[in-house]
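A.B. asks: Residue numbers (the working numbering): 502 to 635. Every residue gets a Cβ at the ideal spot worked out from N, C-alpha and C, and that includes glycine. There's a structure below that I have some questions on.
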Amino acid sequence: MTYKFLLFDLDHTLLDFDAAEDVALTQLLKEEGVTDIQAYKDYYVPMNKALWKDLELKKITKQELVNTRFSKLFEHFGIEKDGTYLANRYQFYLAQQGQVFSGAIELLDALIDRGYELYAATNGITTIQTGRLA
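Spelled out as structure tokens, the structure:
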């Protein structure tokens, strides 16, 4: 079977989402005056993964996930924050992150040179992924 079109997932395949998330989260937490950034990250990362799992299981909507995860994070530390505002700030920082895995660009270039048409897929937020690809 010969393939002409290749479809790549962006996060954790071509783009290093973990590195991007770490930088964006650090920037957001610094902006909010958090002093123990690692403690917040240690709580946020598994909580966020659980929310994405709930989204996959259709227990919550993407909008609920996006607009509540940061208010839940700060609530855990006894601080009330506007989750939607923080989501927008985080998205701003995340959209600026374009870290790719080692060898990804060379692989894509080689596939293009061999005549494949390449396409990207993502379950991420469109505006963020567009910024990251830029």
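Contact check, K550 vs L556 under 8 Å by CB: the rounded distance?
C.D. replies: Actually they do not touch by this definition, with Cβ atoms about 11 Å apart.
A.B. asks: Have a look at L574, P547, T527 and flag the residue whose alpha-carbon is nearest the alpha-carbon of I538.
C.D. replies: T527
A.B. asks: Just the Cα atoms here: how many angstroms apart are L574 and L511?
C.D. replies: 26 Å
A.B. asks: So, under 8 Å CB-CB, K505 and Y617 are touching, yes? Tell me the CB distance rounded to an integer number of Å.
C.D. replies: 7 Å
A.B. asks: Take the Cβ of R615 as the centre, count every other Cβ of all protein chains shown within 10 Å, and call the residue buried at 16 or more, exposed below.
C.D. replies: exposed
A.B. asks: Quick one: what's got a C-beta closer than 7 Å to L609's C-beta in the same chain, skipping five residues either side?
C.D. replies: L619
A.B. asks: Determine the direct distance from the alpha carbon of L507 to that of V535, and round the result to whole angstroms.
C.D. replies: Their Cα atoms are separated by approximately 43 Å.
A.B. asks: Along the chain, where does the alpha helix (DSSP H) that runs through Y620 open and close?
C.D. replies: Here Y620 belongs to no alpha helix (DSSP H); instead the beta strand (DSSP E) covers 618-622.
A.B. asks: In the DSSP assignment, find the beta strand (DSSP E) that holds D510 and state where it starts and stops.
C.D. replies: 506-510
A.B. asks: Let me know the secondary structure DSSP gives V535 once reduced to three states.
C.D. replies: coil
A.B. asks: Given a threshold of 16 other Cβ atoms within 10 Å of its Cβ, counted over all protein chains shown, does T623 qualify as buried or as exposed?
C.D. replies: Classification of T623: buried, given that the 10 Å Cβ count is 16 or more.
A.B. asks: Write down every uninterrupted run of the alpha helix (DSSP H) in the region 577-619 whose length is 4 residues or greater and which is fully enclosed by it, in chain order.
C.D. replies: Listed in chain order, the complete alpha helix (DSSP H) runs (minimum 4 residues) inside the region 577-619 are 584-595, 605-614.
A.B. asks: I need the DSSP call for L552, collapsed to helix, strand or coil.
C.D. replies: helix
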